[in-house]
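Participant: Just so you know, we're using my numbering here: the sequence shown kicks off at 1433 and counts up by one.
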Amino acid sequence: IKLILTAAGTSLDNVLTATTYLTRVQELAAYNEEYAKYFPTNKPARTTVTVAALNSPELLVEITVTACIPS
């Protein structure tokens, strides 16, 4: 995500929302720890949903973010 944002001319500091889909609810605490490393301040609005599966069986997490590009 960080690389894509940089290529688009923005950064994690400009993320407005994050939606996360987790396939393992028991991983939520670990996910929260990692998330806090990337968003220590100015946390974006966030929705986290536990799902039975994603598009491929090997996928465990999917994250979609919306960010602004400063002018």
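Glycine included, every Cβ here is placed at the ideal spot set by N, Cα and C.
Reducing DSSP to helix, strand and coil, say where LEU1380 ends up.
Facilitator: This structure does not reach residue 1380, given that the chain is present from 1433 up to 1503, and the question cannot be answered.
Participant: Tell me the rounded alpha-carbon separation between ALA1484 and VAL1493.
Facilitator: In this model, ALA1484 and VAL1493 are separated by some 11 Å (Cα to Cα).
Participant: Measure the alpha-carbon distance for PRO1464 versus ALA1440 and round it to whole angstroms.
Facilitator: Position check: residue 1464 holds Asn in this sequence, whereas Pro was assumed. Cα to Cα, ASN1464 sits roughly 26 Å from ALA1440.
Participant: What does DSSP give as the partner residues of ARG1478 in its beta bridges?
Facilitator: Paired residues: ALA1450.
Participant: Tell me whether VAL1447 is buried or exposed, calling it buried when 16 or more other Cβ atoms sit within 10 Å of its Cβ.
Facilitator: By the neighbour-count definition (other C-beta atoms within 10 Å, threshold 16), VAL1447 is a buried residue.
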